[in-house]
Every structure is written in C-alpha cells, then in structure tokens.
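Okay, so the sequence shown: first residue is 1 according to the UniProt record's numbering, each after it adds one.
Glycine included, each C-beta is placed from N, C-alpha and C at the ideal position.
Take a look at the structure set out below.
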Amino acid sequence: MIPYFLLLLIPLSLQEWLKSSNKTLCIRKNRCLTGENIALPAFLFLFSAMLILRDKSLGRDLTNYNYIFNIWGNATLSSVFSQYSECLFKFYCWFIYNYISSNYQVFISLTALITVVPIAFVYNQDKTHGYVKASIFVNMSTFIMLFSGIRQGLAISVGALAYYFVSKSKFFRYAICVIIASLLHHTGFMTLFFLPLCKIKFKKKDLIWIIASFSVVFVFRKNIFNVLVNILGSSDERYSATAESTGAFGSLILFSLFTVLCFVIVDESRADDETLMLRNILVFATIFQTFASVNTLAMRMNYYFIILIPITIGKCLNCMEREKEEIARLSETIMSIFFTALFMYSIYESYITGISTLDTVPYITFWKE
C-alpha cells in the first residue's frame, strides 16, 4: 500500500518544497527542474521503478503470461510467424527467451522498461501542471492495466508514440507505429483513428453537435457495438463477444466532465494544433466509452485514447481564456485534491478488503523472498 501512496506524495512534496524555497534541482548542466515542472518527471520515474521492480505474482494476468512466454520461447521461429495475429508479440517472447534470458522475472522487468519509456517520453514533452496530470493518470484504467497486461501494455506504449508522430506530422513513423501496435495486440488497429482526429477541427460551437451525437450513441450503444463486433469478428474471432453490462458509467461521467471543461476553459485562438487534436481524442474517448458499458472489449480498445487524457487536461490548462483563469486554477486545485483522495482511498480499501483490480494491491517487489 505504501509504495502506491508514495507514488503521489513524493512528487507533491518535491513540488511544494521547490516552490516554497524557490530552488532548482539540476540533473545535468543545462537541465534543471523547478517547483513548476518537477512533479511529472518525479512521478514517471517512480511509476517506472514500480513497474520494473514488481514481482511476477503481482497482477492477475502475469501467471498466464509466464505460460505464454515459455510456450513461444520454446517454439520454432517458423511457428511464431505461422499466424498473423499478434505475431510480433510472439516473436518478442521468442527473442527475449532465446537471446537475452529465459528468466520470466527478467522478461517482466525488461518489458516494463520498454513499455514505460515511450509513455514517459510523450508525457515529458510538456511538464507543466505535472501533479494534476499524475493524479489523474493513477485514476485511469490504464494505470492498473499496465501492472498486469504485458501484451497490450506494449501496444499502448507504441500507440503513445503513434500519437506523438502524427501530432508532429511525421506520418511515415506514425504508420510504422500503427503496424507495430497492431502486430503486438489485436486492438492495436485503434491507433489508426489518430490520423482523422488530427485533421478534425472541433470548435466550441460544435459542442452542441457533439452532445447530440453522444446522446444518440449512448441510447443505441448496444446495437452499434454489436454491429462493430460482427464486422470485426469476421477477421478475428476474439472480437465476437455479446453485449453485457460492465459497469463503466463512472468513467463515462468523468470523461464527459473533462470534455465539457476542456471546451469551456480553452481559448481557441491560443490553442495550438496539438491541443485541439488532444481535445478531439478526449471527445472520441468519451463517446467510445459508452460502449464500455456494453462490453469490456470496448474498454480495451479505448485504452489508446484514455492514456492521453491527463496530457489533454494539462494542454487545455495551458491555453485557457484570460477571463476564466480563476475557474481553471480552481478546477486544477479541485482535481488534484479529489483524484489524490480518490486514489488513496481506493488503494486503502483494496488493502483492507484484500480485493483489488487485477490483484495489484498490495505492491510486491521481486526480491520479497
């Protein structure tokens, strides 16, 4: 339980200490951190350490991945590529097993490093509003998933790079990332949506149409999702799932509030193309989240966009309307307090009850024995 608490408390303490003392922390000669930008790098460093140092018993899916790692590690190279589906992940297991180490704990730690570096790279492009980003990040479904889901964790990491490259108009590199993500996990094709979301220009005047579209999708979400499943199911049987309730309305309400906030406070004359793209991604994630209440598959497909929501909030806070600065600052303070309290309460409750999402509480290091 304590490591999860420190994940937020240490960055917050560093931020407040540097702010109050007016000091800087220099990592290298020309790279110094202040109270305004230290929280996010500190959080990402601690998060990386927790992923890398976790034990193979932490996370519900890691036992199954141990089996997968050994199966494909002992397979022939021809059998690895005998089927197109997720062949890159199979090759990844085969390569690590045969050329680096057959030790599963080494595989977990190395994969954690490979997963978290691209995500940290994308997040560190803008270190402002770092603590509120961190407090939102730990409350997103992707946070816990990264402790348990190795295969999709890698795909999401590549997806973050896909977003970065398309936002910088580096379309060839973006295409490579889409291919890699799709070959790592069967939901990786969702990164294709970054391209149209980069081109669409939603404005405040479009909010009414967005709300109307959201309402229509919400009402007919089961029908729409089952049609999508049938289309995708023709190429991959794992998509052939039936509609069922998954209780994802809490996230849907949260994303909806984020969307309204980002449309209300942003001065569109000050917003750059990347900010508008991120806001588009938030709109898409909110609308797609309606399907998560139908089937958990939709949540998995939405992970590629959910991982970017904290960045979106930070970017929108950077270009708020002058007359709404007080509202924006108050919103940031409220979000920081609320999401910190929510995270710590959920961790504490999981520790006391012994019931946690994907069996990730308490935290266990690999040297526990």
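For residue 151, the enclosing alpha helix (DSSP H) stretches over residues 150 to 167.
In the DSSP assignment, residue 198 falls within the unbroken alpha helix (DSSP H) covering 194 to 199. With a cutoff of 8 Å on beta-carbon distance, residue 82 and residue 186 are scored as not near each other. A contact is defined here as three or more CB-CB pairs under 8 Å, and the region 175 to 190 fails this definition with respect to the region 320 to 335. Residue burial annotation: residue 220 is exposed, with fewer than 16 other C-beta atoms found within 10 angstroms of its C-beta.
For residue 33, the enclosing beta strand (DSSP E) stretches over residues 31 to 33. Going by beta carbons, residue 123 and residue 313 fall outside the 8 Å limit. Looking at the DSSP output, residue 187 sits in no beta bridge, so it has no partner there. The alpha-carbon of residue 362 is positioned some 13 Å away from that of residue 60. Residue 308 sits in coil when the DSSP states are folded into three classes, being neither helix nor strand. 214 is the residue among 222, 359, 214 and 265 whose C-alpha sits nearest the C-alpha of residue 253.
For residue 48, the CB contacts under 6 Å within the same chain, skipping 5 residues up- and downstream, are 116 in chain order. If you check the CB distance, residue 110 and residue 51 do not come in under 8 Å. The straight-line gap separating the alpha-carbon atoms of residue 27 and residue 53 is approximately 23 Å. Comparing alpha-carbon positions, the option among 99, 13 and 160 lying closest to residue 125 turns out to be 160. Taking the C-beta atoms as reference points, residue 112 is found no nearer than 8 Å to residue 43.
The straight-line gap separating the alpha-carbon atoms of residue 257 and residue 78 is approximately 49 Å. Fewer than three beta-carbon pairs drawn from the region 7 to 21 and the region 61 to 74 are found closer than 8 Å, and the two stretches are therefore not classed as touching.
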